[in-house]
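Chemist: This note's numbering numbers the first residue of the sequence shown as 135 and each following residue consecutively. To start, I am sharing the structure in question, which I have written as structure tokens.
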Amino acid sequence: MQELNAESAEGAESFATAAVIEIAGDGSVLYLSNLGHCAPLLVHQGRSRSLDPADPTLPLGLGDLGRIRVPVEQYPLPPGATLALFTNGVLEARDRHGVFYDPVPHLSRPLPSDPAAILDTLLADLARHTGGRLDDDAALLAVTHQRDACDGAAAQSVDRTSQGG
Numbered sequence: 135m136q137e138l139n140a141e142s143a144e145g146a147e148s149f150a151t152a153a154v155i156e157i158a159g160d161g162s163v164l165y166l167s168n169l170g171h172c173a174p175l176l177v178h179q180g181r182s183r184s185l186d187p188a189d190p191t192l193p194l195g196l197g198d199l200g201r202i203r204v205p206v207e208q209y210p211l212p213p214g215a216t217l218a219l220f221t222n223g224v225l226e227a228r229d230r231h232g233v234f235y236d237p238v239p240h241l242s243r244p245l246p247s248d249p250a251a252i253l254d255t256l257l258a259d260l261a262r263h264t265g266g267r268l269d270d271d272a273a274l275l276a277v278t279h280q281r282d283a284c285d286g287a288a289a290q291s292v293d294r295t296s297q298g299g
């Protein structure tokens with residue numbers, strides 16, 4: 135991003151948000167660096183919570199305006215928990231009254247610990263909220279910490295995309 139900004143003849147600045155995630159080998163810990171991206175949601179046992187950064191960081195390409203080191207936050211990822219990530223097209227979706235979509239209440243109820251079910255629930259609620267019309271592209275990804283038959287850790291992920299109008 136810095137190279138693009140340096141090469142820009144028009145003086146326009148380019149930037150992109152990002153969430154960089156690492157899951158420990160045993161699946162029990164999530165490491166997250168958030169660079170101005172929508173906060174991921176941790177869905178577990180009928181509750182959904184936003185993993186908002188404790189110390190917000192600027193998006194990629196705007197690093198010259200702030201610190202260079204990006205904090206890495208750590209969260210427990212218990213078996214059966216699903217991490218749901220999405221682009222701003224989801225959060226900026228509005229209903230016919232102009233109210234923004236909030237995924238937290240829709241994912242704060244008993245749901246299967248299956249990434250496809252989480253995303254299907256989120257997309258169905260988003261379509262209901264917007265009347266089926268998105269004004270921006272939306273991409274979604276979900277990763278679930280599952281235990282396999284041998285009691286080893288396993289992760290299952292699913293992604294979905296939707297084109298806005």
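Cβ atoms here follow ideal geometry from the backbone N, Cα and C, with glycine treated the same way.
Pull up the distance between the alpha-carbon of residue 259 and that of residue 189, whole angstroms please.
Modeler: C-alpha separation (whole angstroms): 30 Å.
Chemist: Is residue 180 helix, strand or coil by DSSP?
Modeler: Reduced to three states, the DSSP call for residue 180 is coil.
Chemist: Between the alpha carbons of residue 111 and residue 179, how many angstroms are there, rounded?
Modeler: Residue numbering for the chain in the displayed model covers 135 to 299; residue 111 lies beyond these limits and cannot be assessed.
Chemist: Buried or exposed: residue 268, going by 16 or more other Cβ atoms within 10 Å of its Cβ?
Modeler: It is buried - the Cβ of residue 268 has at least 16 other Cβ atoms within 10 Å.
Chemist: Only counting runs of 4 or more residues, tell me where the alpha helix (DSSP H) segments fall wholly within the region 238-274, in order along the chain.
Modeler: With a minimum length of 4 residues, the continuous alpha helix (DSSP H) runs that stay inside the region 238-274 are 249-264.
Chemist: Please report the straight-line C-alpha distance between residue 210 and residue 165, rounded to a whole angstrom.
Modeler: The straight-line gap from Cα to Cα measures roughly 9 Å.
Chemist: Rounded to the nearest angstrom, how far is the Cβ of residue 153 from that of residue 256, given a contact under 8 Å?
Modeler: Wrong, their Cβ atoms sit about 16 Å apart, outside the cutoff.
Chemist: Is the distance from the Cβ of residue 184 to the Cβ of residue 175 below 8 Å?
Modeler: Yes.
Chemist: Using 10 angstroms around the beta-carbon of residue 233, count the other beta-carbons present and answer buried if the total reaches 16, otherwise exposed.
Modeler: With fewer than 16 other Cβ atoms within 10 Å, it is exposed.
Chemist: Just to confirm my understanding: we take residue 156, look at its own chain, exclude 5 residues before and 5 after, and list those with CB closer than 6 Å. What are they?
Modeler: So the qualifying residues of the chain are 165.
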